[in-house]
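Engineer: Next up is a structure, given as structure tokens.
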Amino acid sequence: MEVALKDILLTKGKEWLGIDIDPSWIQFQPTRKGVRGDVTLMVFSFAKALQLPPAEVAERIGKHVKSEVSFVADYEVIQGFLNFVFSETLWSDQLISINQNDSFGIAEPNSKQLVMVEYASPNTNKPLHLGHLRNIFLGYAVAQLKKAYGHQVIKTQVINDRGIHICKSMLAWHRFAPLQSNGERETPANSGLKGDKLVGKYYVEFEKHLQLEVKEVLARWNAGDFSNTSAAALEKFQELNLALVGKDEKAQAAISDKIKELAKNETEILRAAKDMLVRWEGRDPETYLLWSTMNGWVYEGFDVTYQRMGVDFDKLYYESDTFLLGKDQVMDGLARGVFYQKPDGSVWIDLTPDGLDEKLVLRADGTAVYMTQDIGTAIERFHDYPALSGIVYTVGNEQDYHFKVLFLILQKLGYAWAADCFHLSYGMVDLPSGKMKSREGTVVDADDLMEEVVNAATVMTQERGQIAELSETERSVLFESIGMGGLKYYLLKVDPKKRMLFNPEESIDLTGNTGPFIQYTHARINSLLRKAGSIQFDESALVIEFGEIELIKLLAAFPQTIAESADNYSPAVLANYLYELTKAYNSFYQQSPILTETNEGLRAARLLISKNVAKVLKTGLTILGINAPERM
RNA sequence: GGCUCCGUAGUUCAAUGGAUAGAAUAGAAGUUUCCUAAACUUUAGAUAUGGGUUCGAUUCCCGUCGGAGCUACCA
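Shown next as structure tokens:
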């Protein structure tokens, strides 16, 4: 509709107004609620160019459009806003065409380019937590959105399966896992503990012992005992100690932290973990076996979690495979002068001309850092998928700087596709008690949380659900759908860019702006349709009144909502649309009889609207990764 | 210190530079002889602050105040 109006304005505008029309003047928006009209043209730009009052210009355009455009029944001018009123037949035609399209809102599959969406990307030393849930639901929903918008999509993750953090868990397990009567140490099989939980437990164990040792080292240092301390550490310690004098409290705390950090590196246990990393990189068989065994446990655990979350991946990248890939690229870039080498052998890039810092890309000992690996992985991906038109990295906003640097480096290395890499940066999830901190035990475990929301949904649904006809299995599927639906919606309805607060009580709410509210409406419509049987109607006899138009308008906005949501990498746009639609429908449902309506044309129109609202809700929820139960 | 992001009802969230700043929740008052009351209706309540640009600013620019993140030869 807007396109047609724009065309006629461009072709006839000069004739009507006597000046050339600049396309940028033509700005439409949906007519404001409570004002008569369907679409609004803003005429301020026209008025400025013509040097006439906006209302007068609007009146002139409106008169011409009304007489020359068939679907414009009327117009109304309010200040600089020209509101067009569309004809009733237009709306009934819209409803019929929406009804005929079973995949309404979904673009032709693979009609757009191939994109890769990376999400999850966990470390293999501890279980997934609430922060991962936002990441994973978001990444999955964006992948689904891109698909719905016509893109071919590859879902991927990089598994951070190597490094000092893994060695910490390995070492702690090796040292502290109790030996059982059959000579085995604790495993998922013999303890019944989920693999990722078990490994995480030993990571915590490591940190505990580390803290104890740090205390001991500090006590020794303060007592003047520097045996077992490296000369460099001693020198640094004395320097920091001197720096403490005469500083304010805040500065002193910062220095104390640095001293602690120094002491950490002098502990036996951390040295042992570092030794282990060296042995791992040297492919020491025993270390390698331990590493692959414990990672295997973690993957089994993650699989269970991912399955419950309802997400999957098309392609996995393991850091242990890719961490060396970037090295060649760095050496190549060094030869071409993109990077430079310091006397100690470390390789850097100077980004100060771009307003950033100098950044390390390869350690003095020749080993890879995070950045090295990411350079390599990105290039590898474009090798693996030559048709790839871009990568979406779903990673928290604390890494904004990292990705800015990464994309800049890729660009400087001469990869034109660097411009097609996008950091989908999302905000942290806070708890009412403040930030999640693993050290303080305030982390919300993903499995525990999912269990909790499903339990809550179970209780509530048993209280008020219409589930008498459902079997035991169907019920448990339903409880799962409602609990998980609520959780997903709760995390997805907020603009991804924004930091959000996770309130455990609100996350299991069923009323208001929640997933179950939308699911409920969908189920209720299905119940209505079951009772109605097949819908017989005469296309030309449909009766459309004001209340119906509001809903058809909303339905018609679904495809552009998908587009906007996909373009902005924001499932929240879609979530909020579904909520608006649900609210509007519920209000309509309350005041308009449907099955009992005696006017055949009106009854048919209302049934068609109901059916298509349910269709759109289901399509939309599915994109968000949320189930839409038939009854609840 | 430097860089980046964020300040909207009591609370949690909305609003491509547009009309009277929307919802939810908590509060107050209502709606079941009728299609699922997990619903609906009514009511009260907010743009941190000072400037600027604009016909028009929650939105863009500058300052102030408040909060967060980054600033590792960790990933």
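Numbers given in the numbering used here equal positions in the first sequence, counted from 1, plus 47. Glycine included, C-beta positions come from ideal geometry on N, C-alpha and C.
(1) Flag this pair as touching only if the stretch 194 to 210 and the stretch 151 to 171 have three or more C-beta atom pairs under 8 angstroms; answer yes or no.
(2) Is the CB-CB distance between Ala604 and Tyr626 below 9 angstroms?
(3) Apart from the five residues on each side of it in sequence, which residues of its chain come closer than 7 angstroms, Cβ to Cβ, to Phe526?
(4) At which residue ranges does the stretch 141 to 203 contain complete alpha helix (DSSP H) runs of 4 or more residues, listed in the order of the chain?
(5) By DSSP, does Tyr250 sit in helix, in strand, or in coil?
(6) Considering just the uninterrupted stretch of the alpha helix (DSSP H) at Val385, what are its terminal residues?
(7) Leaving out five residues before and five after Phe223 in sequence, what residues of the same chain have Cβ atoms less than 6 angstroms from its Cβ?
(8) Note down, in chain order, each residue of its chain lying with its Cβ closer than 7 angstroms to the Cβ of Leu517, except the 5 sequence neighbours on either side.
(9) Which of the three DSSP states, helix, strand or coil, is assigned to Pro100?
(10) Can you tell me where the alpha helix (DSSP H) with Met531 in it begins and where it stops?
(11) Helix, strand or coil for Phe75? Go by DSSP, reduced to three states.
(12) Between which two residues does the beta strand (DSSP E) holding Asn130 run?
(13) Taking C-alpha atoms, which residue in Thr414, Ile213, Trp63, Ala278 lies nearest to Gly247?
(14) Judging by CA-CA distance, which residue of Leu337, Thr441, Asn269, Asp431 is the nearest neighbour of Phe184?
(15) According to DSSP, simplified to helix, strand and coil, what is Tyr440?
(16) Mind checking whether Ala188 and Val200 have CB atoms under 9 angstroms apart?
(17) Sorted by chain position, which residues of the same chain lie with C-beta nearer than 6 angstroms to Ser139's C-beta, five sequence neighbours on each side aside?
(18) In the DSSP output, which residue or residues are listed as bridge partners for Cys468?
(19) Is it right to say Glu586 is buried, meaning 16 or more other beta carbons lie within 10 angstroms of its own, or is it exposed?
(20) With distance defined between alpha-carbon atoms, name the residue in Lys159, Lys95, Gly81, Ser92 nearest to Ala614.
(21) Give me the Cα-Cα distance between Val408 and His430, rounded to the nearest whole angstrom.
(22) Tell me Asn207's beta-bridge partners as DSSP assigns them.
(23) What is the DSSP secondary structure of Val119, reduced to helix, strand or coil?
(24) Pull the bridge partners of Ala415 from the DSSP assignment, please.
(25) From Ile572 to Ala661, what distance separates their C-alpha atoms?
(26) Taking 8 angstroms as the threshold, find out whether the stretch 308 to 322 comes into contact with the stretch 265 to 283 through three or more Cβ pairs.
(27) Check whether the stretch 221 to 239 and the stretch 647 to 662 touch, using three or more Cβ-Cβ pairs below 8 angstroms as the test.
(28) Please go through the same chain and pick out, in chain order, the residues whose beta-carbon is closer than 6 angstroms to the beta-carbon of Thr669, but skip the five residues on each side of it.
(29) If you compare alpha carbons, which of Thr87, Leu161, Arg79 is closest to Ile467?
(30) Cβ atoms of Phe91 and Ile68: under 9 angstroms apart, would you say?
(31) Just to confirm the assignment, what range does the alpha helix (DSSP H) spanning Val325 have?
(32) Taking the continuous beta strand (DSSP E) assigned at Tyr616, which residues delimit it?
(33) Beta-carbon within less than 8 angstroms of Gly84's beta-carbon, same chain only, minus the 5 sequence neighbours each way: which residues are those?
(34) Which value, in whole angstroms, describes the spacing of the CA atoms of Gly186 and Tyr166?
(35) By Cβ distance, which residues of its chain are closer than 7 angstroms to His569, with the 5 residues on each side in sequence left out?
(36) Quick one, which of Asn170, Ile422, Leu180 has its alpha-carbon nearest Arg209's?
Structural biologist: According to the data block:
(1) yes
(2) no
(3) Val501, Ala504, Thr505, Thr508
(4) 177 to 195
(5) helix
(6) First-last for Val385: undefined, no H or E at that position.
(7) If we look at Phe223 and ignore the five residues flanking it on each side, its Cβ neighbours are Glu252.
(8) Leu525
(9) coil
(10) 519 to 539
(11) strand
(12) 128 to 133
(13) Ile213
(14) The candidate whose alpha carbon is nearest that of Phe184 is Thr441.
(15) strand
(16) no
(17) Correct list, in chain order: Leu589, Ile591.
(18) Residue pairing by DSSP places Cys468 opposite Ile438 in a beta bridge.
(19) exposed
(20) The displayed chain sequence assigns Asp, not Ala, to residue 614. Looking at the Cα atoms, Lys159 is the closest of the given residues.
(21) 21 angstroms
(22) Asn170
(23) In the structure shown, Val119 falls within a strand segment according to DSSP collapsed to helix, strand and coil.
(24) Leu409
(25) 6 angstroms
(26) yes
(27) no
(28) none
(29) Position check: residue 467 holds Asp in this sequence, whereas Ile was assumed. Closest option to Asp467, Cα to Cα, is Leu161.
(30) no
(31) 315 to 328
(32) First-last for Tyr616: undefined, no H or E at that position.
(33) Thr78, Tyr122, Glu123, Asn130, Phe131, Val132
(34) 5 angstroms
(35) Ala661, Leu664, Lys665, Ala675
(36) Asn170
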